[in-house]
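Okay, structure first, notes after.
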Amino acid sequence: MRLNLFEANVRDYQGKVEVNKAIGNTLLSAYSEDFWWLNNGVTVVASQASLSGKTLVVEDPQIVNGLQTS
Numbered sequence: 001m002r003l004n005l006f007e008a009n010v011r012d013y014q015g016k017v018e019v020n021k022a023i024g025n026t027l028l029s030a031y032s033e034d035f036w037w038l039n040n041g042v043t044v045v046a047s048q049a050s051l052s053g054k055t056l057v058v059e060d061p062q063i064v065n066g067l068q069t070s
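To convert, note that position 63 of the sequence shown is 63 in UniProt numbering; the numbers rise steadily by one, no gaps.
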């Protein structure tokens with residue numbers, strides 16, 4: 001994991017706590033297709049973003065929410 005992606009993050013990874021275990025179990029369960037709305041996901045900010053065909057090109061990305069369960 002590239003830790004510099006999380007420099008602007010106000011939260012930190014919480015480790016193998018029960019909540020994180022439950023999130024992982026959701027991904028492995030029959031409800032995995034519901035993961036996207038059961039969890040708030042990851043918030044990424046960048047100094048610039050653009051599309052190049054079907055590729056999103058991002059400069060200086062920072063994950064500002066999401067490390068606690070990454």
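Every residue gets a Cβ at the ideal spot worked out from N, C-alpha and C, and that includes glycine.
Answer yes or no: do residue i and residue j have a C-beta to C-beta separation smaller than 8 Å?
i	j	result
Val58	Ala46	yes
Gln62	Val42	no
If you drop the 5 nearest sequence neighbours on each side, which residues of the same chain put their C-beta closer than 8 Å to that of residue i?
i	result
Ala49	Leu56, Val57, Val58, Glu59
Glu7	Gln62
What number of angstroms, rounded off, separates the C-alpha of residue i from the C-alpha of residue j?
i	j	result
Glu33	Glu18	21 Å
Trp37	Leu51	25 Å
Within a Cβ cutoff of 6 Å, which residues of the same chain sit near residue i, ignoring the five residues on either side of it in sequence?
i	result
Gly24	none
Lys16	none
Residues in its own chain within less than 7 Å of residue i by CB, not counting five upstream and five downstream?
i	result
Leu27	Phe35
In chain order, what are the residue ranges of uninterrupted beta strand (DSSP E) at least 3 long that sit wholly in the stretch 27 to 62?
Those beta strand (DSSP E) runs which fall completely within the stretch 27 to 62 and span 3+ residues are 43 to 45, 48 to 52, 55 to 59.
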